[in-house]
Amino acid sequence: MTTAVPAERDAVARAFPGASHEVALPGVTVVEIAAGPDVLAAGVGPALAAASTATALTAAALTGRPYDLVVSAGIAGGFVPHAPVGSLVVADEITAADLGAGTADGFLPVTALGFGTVTHLPPATLVRDVAAATGALTGAVLTVSTVTGTAARAAHLGDLHPRALAEAMEGFGVAEAAAAHGVPVLEIRAVSNPVGPRDRDAWRIGDALAALTEGFGKLAPVLESWNRHDH
Ligand SMILES: O=C(O)c1cccc(C(=O)CC[C@H]2O[C@@H](n3cnc4c(=O)[nH]cnc43)[C@H](O)[C@@H]2O)c1
1 MTTAVPAERD AVARAFPGAS HEVALPGVTV VEIAAGPDVL AAGVGPALAA
51 ASTATALTAA ALTGRPYDLV VSAGIAGGFV PHAPVGSLVV ADEITAADLG
101 AGTADGFLPV TALGFGTVTH LPPATLVRDV AAATGALTGA VLTVSTVTGT
151 AARAAHLGDL HPRALAEAME GFGVAEAAAA HGVPVLEIRA VSNPVGPRDR
201 DAWRIGDALA ALTEGFGKLA PVLESWNRHD H
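With full-length UniProt numbering, the residue at position 90 of the sequence shown is 90, and numbering never jumps.
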């Protein structure tokens with residue numbers, strides 16, 4: 001489970017009580033939970049999240065215990081009115097919303113420039129099972145390098161991505177690292193603030209972290225039974 005910051009990592013870890021120990025790797029520390037997943041605080045933003053996740057994936061592969069699933073988890077902004085503060089969102093699409101080029105005619109995704117990808121798709125059956133177990137909303141989660149801070153930007157993103165429920169800053173980077181290792185990816189977000197005009201008084205980070213712990217508590221059986229060869 002890859003989060004951005006230690007508070008998110010600890011919120012996920014609280015869903016899996018019991019012993020754990022830390023393994024220090026170059027640039028990132030992996031917390032191995034005895035009766036649960038490995039969790040790490042990979043850093044804020046897609047680049048650092050990708051680098052840290054790739055390090056953890058490589059270390060696991062080199063020790064002969066490769067991961068069979070990577071989950072990007074944390075808090076997020078929710079698109080109004082689809083994903084209210086406190087709600088849980090599971091991504092059926094992880095899309096880099098600002099990876100591309102600006103033109104006089106609007107934004108061109110990097111794929112239109114002939115490069116790479118802008119979307120990763122988590123396994124549909126797993127997304128369905130996670131949503132059923134947790135009650136999470138299902139839709140697109142956007143990855144941005146700049147937090148949306150105006151109503152105009154929120155409306156623009158909503159127009160470009162009508163299926164978007166939430167935006168955060170790491171999912172696409174985590175998904176790129178997972179894809180490089182041929183490992184499936186999920187993104188699960190708890191909404192801490194609305195996407196729109198900057199208003200720090202509107203943040204409900206404590207509520208979102210509690211929703212994350214509650215959601216992952218319900219997920220344990222789903223994740224334990226996940227076997228990518230079945231999907
Ligand atoms: O200073 C601000 O106006 C501001 C507004 C929202 C979030 C931040 C952060 O620094 C948090 C970034 C951190 O949390 C995730 N996150 C939470 N809400 C959002 C959001 O609305 N848009 C994008 N990312 C969000 C993100 O994944 C980072 O890890 C500051």
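Each residue gets a CB set at the ideal place from its N, CA and C atoms; glycine is no exception.
Could you give the distance in angstroms between the alpha-carbon of residue i and the alpha-carbon of residue j?
i: residue 171; j: residue 141; result: 8 Å
i: residue 36; j: residue 214; result: 15 Å
i: residue 119; j: residue 19; result: 36 Å
i: residue 67; j: residue 226; result: 11 Å
i: residue 157; j: residue 116; result: 21 Å
i: residue 219; j: residue 22; result: 23 Å
i: residue 132; j: residue 63; result: 34 Å
i: residue 17; j: residue 186; result: 22 Å
i: residue 146; j: residue 125; result: 31 Å
Am I right that residue i and residue j are in contact with their C-beta atoms under 8 Å? What's the rounded C-beta distance?
i: residue 12; j: residue 76; result: Not confirmed; about 14 Å, so no contact.
i: residue 86; j: residue 207; result: 5 Å
i: residue 2; j: residue 42; result: 5 Å
i: residue 166; j: residue 89; result: 5 Å
Terminal residues of the continuous alpha helix (DSSP H) containing residue i?
i: residue 178; result: 171-180
i: residue 44; result: Run containing residue 44: none; DSSP gives neither H nor E here.
i: residue 156; result: 151-160
i: residue 13; result: 6-13
Over what stretch of residues does the beta strand (DSSP E) that includes residue i continue unbroken?
i: residue 185; result: 185-194
i: residue 202; result: Run containing residue 202: none; DSSP gives neither H nor E here.
i: residue 31; result: 28-33
Taking the alpha carbon of residue i as the reference point, which residue from the options has its own alpha carbon closest?
i: residue 176; options: 157, 164 and 143; result: 143
i: residue 193; options: 205, 24, 161 and 50; result: 205
i: residue 110; options: 123, 96 and 92; result: 96
i: residue 244; options: 24, 125 and 78; result: Since the first and last residues shown for the chain are 1 and 231, residue 244 lies out of range.
i: residue 182; options: 57, 63 and 92; result: 57
i: residue 234; options: 107, 190, 69 and 93; result: There is simply no residue 234 to check, as the chain begins at 1 and stops at 231 in what is shown.
Any heavy atom of ligand 2 closer than 7 Å to the CB of residue i?
i: residue 95; result: Among the ligands in the structure shown, ligand 2 does not appear; only ligand 1 can be found there.
Counting only runs of 4+ residues fully inside the region 57-140, write out the alpha helix (DSSP H) ranges in chain order.
124-134
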